[in-house]
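Taking it in order: structure first as structure tokens, then the write-up.
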Amino acid sequence: MTRRIDILTLFPDMFPGILGSSILKRAAETVTSPADPALTRDPVVSYHLTNIRDYTDDKHQKVDQPPFGGGPGMVIQCQPVYDAVRAAENADPRPARRILMTPQGRPLTQKLATELAAEPRLIILAGHYEGIDERVIEELAPVDEISIGDYVLSGGELPALVLIDAIVRLIPGALGHEDSAAQDSFTGSHASRLEGPAYTRPRLWHNREVPDVLLSGDHARIAEWRDQQALVRTRERRPDLLLPTPSDQLTTSSQII
Ligand code: ADE
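Residue 225 in full-length UniProt numbering sits at position 225 of the sequence shown, with consecutive numbering throughout.
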């Protein structure tokens, strides 16, 4: 069944360009095989944009006020956010997971994206300004607060798009070639590994050759070479990814016992 993603924002115009391009666009389309029209798949996902401002009770359409206690910027008020979330929930009977994009959230990882790709419905709140009144986040609990990295952007819109891209490409049927997602860095048996280098035609360019092994046709050797390249690259660029994680340590010590 088609997954539904609601995006609640004060800047809906920031979304259509990216949601309407490439894989995110294709995932939202019905795809029919030209050779066999019976081979039709429903859209993998549907996107629903809501302008939080449309839900304000304020006669001047205001959605934000200065922070209590003073300080810079503006804080988005509870009422329009609460009503916009409840309206999105009521638009579909399936229970939705509520997500708030914020630099104070837990870091987005491939593992979290995979978990969210299994959800039938997501409601993603993109904050702006100095944040959203804490009380509405409490009232809507549980809300997954997610950060896309340790830097501060001017709003949650680009983070919401990053999250959607990371999720949608993992939903079965979204990518033309189902193997592609499984081969990515940070995925499956390649967990915590960067991908190695890729090459395409021509075989010789600016006097640089494609590694011989890739032209050998020997798939086992090619797979082994790619594995080794991935490891070399990870050691050089992200040695931190090769360190044991706390859960690895747990496995090791329980095996010793
Ligand atoms: N909003 C502003 N910066 C952000 C970040 N790094 N992650 C998620 N939401 C944000």
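From the three backbone atoms N, C-alpha and C, an ideal C-beta is built for every residue, glycine too.
How big is the Cα-Cα spacing for residue i and residue j?
i, j, result
"leucine 108", "isoleucine 146", "6 Å"
"isoleucine 257", "proline 246", "The predicted model places isoleucine 257 with a pLDDT of 42, which falls under 50 and marks its position as unreliable; any figure quoted below should be read in that light. One C-alpha to the other measures close to 17 Å."
"arginine 140", "glutamine 79", "Note that residue 140 is leucine in the sequence shown, not arginine. Distance between the alpha carbons of leucine 140 and glutamine 79 is about 12 Å."
"leucine 194", "aspartate 83", "42 Å"
"proline 197", "glycine 176", "22 Å"
"leucine 231", "aspartate 150", "26 Å"
"isoleucine 52", "arginine 97", "18 Å"
"aspartate 54", "histidine 60", "11 Å"
"tryptophan 225", "proline 142", "45 Å"
"leucine 136", "threonine 187", "The residue asked about is misnamed: residue 136 is valine in this sequence, not leucine. Straight-line Cα distance between these residues: approximately 35 Å."
"histidine 128", "phenylalanine 68", "17 Å"
"alanine 160", "alanine 181", "20 Å"
"lysine 62", "arginine 203", "60 Å"
"glycine 71", "arginine 106", "25 Å"
"proline 16", "asparagine 207", "42 Å"
"glutamate 209", "aspartate 227", "20 Å"
"serine 216", "serine 185", "24 Å"
"tyrosine 199", "proline 211", "9 Å"
"alanine 223", "glutamine 229", "10 Å"
"alanine 35", "arginine 201", "29 Å"
"proline 239", "proline 95", "40 Å"
"aspartate 218", "tryptophan 205", "23 Å"
"threonine 30", "glutamine 77", "38 Å"
"residue 259", "proline 37", "Residue 259 is absent from the model: the chain starts at 1 and stops at 257."
"threonine 56", "asparagine 90", "17 Å"
Inspect the beta-carbon positions of residue i and residue j and report whether they are closer than 8 Å.
i, j, result
"valine 75", "aspartate 64", "yes"
"valine 85", "isoleucine 123", "yes"
"leucine 112", "valine 81", "no"
"threonine 234", "leucine 242", "yes"
For residue i, collect the residues of the same chain with a Cβ closer than 6 Å to its Cβ; drop the 5 residues on either side in sequence, then sort them by chain order.
i, result
"serine 254", "Interpretation of serine 254 is limited by its pLDDT of 49, a score under 50 that renders its predicted location unreliable; no figure is taken from the coordinates."
"arginine 4", "Ser46, Asp92 and Arg121"
"leucine 39", "Ser33"
"serine 192", "Leu241"
"leucine 19", "Tyr47"
"isoleucine 173", "The sequence shown places glycine at residue 173, not isoleucine. Result list for glycine 173: Arg41 and Val44, in chain order."
"isoleucine 148", "Leu108, Pro159 and Val162"
"aspartate 144", "Ile99"
In the DSSP assignment, the beta strand (DSSP E) including residue i goes from what residue to what residue?
i, result
"isoleucine 18", "No beta strand (DSSP E) contains isoleucine 18, which is instead part of the alpha helix (DSSP H) from 16 to 19."
"asparagine 51", "45 to 51"
"isoleucine 123", "121 to 126"
"isoleucine 99", "97 to 107"
"glutamate 145", "143 to 147"
What residue range does the alpha helix (DSSP H) around residue i cover?
i, result
"aspartate 227", "219 to 237"
"leucine 112", "110 to 116"
"arginine 4", "Segment 3 to 9 is the beta strand (DSSP E) holding arginine 4; no alpha helix (DSSP H) there."
"serine 22", "22 to 27"
"arginine 86", "78 to 90"
"aspartate 165", "157 to 168"
"arginine 135", "134 to 139"
Might you give, ordered along the chain, the residues of its own chain that have their beta carbon closer than 8 Å to the beta carbon of residue i, omitting 5 neighbours on each side?
i, result
"isoleucine 171", "Arg3, Ala27, Val44, Val45 and Ala117"
"threonine 50", "Asp6, Ile7, Leu8, Thr9, Pro12, Ala84, Ala87 and Ala88"
"threonine 252", "The predicted position of threonine 252 is uncertain, since its pLDDT is 49 and thus under 50; no value can be drawn from it."
"methionine 1", "Asp42 and Pro120"
So, at 7 Å on beta carbons, what are the nonlocal neighbours of residue i in its own chain, with the 5 sequence-adjacent residues on each side left out?
i, result
"proline 66", "Met74"
"arginine 237", "Leu194"
"arginine 221", "Val213"
"glutamine 110", "Phe186 and Thr187"
"methionine 14", "Glu157"
"threonine 114", "Leu170"
Would you say residue i lies against chain B (beta-carbon separation less than 8 Å)?
i, result
"valine 162", "The question asks about chain B, but that chain is absent: this structure has only one protein chain."
- [ ] Decide if the region 131 to 146 is in contact with the region 94 to 103; the criterion is three or more beta carbon pairs, one per stretch, under 8 Å apart.
- [x] yes
Open item on the list: Would the region 2 to 11 count as touching the region 148 to 160 if we require 3 or more Cβ pairs under 8 Å?
Closed with: yes
Open item on the list: Quick check: the region 158 to 173 against the region 21 to 30, are at least 3 beta-carbon pairs closer than 8 Å?
Closed with: yes
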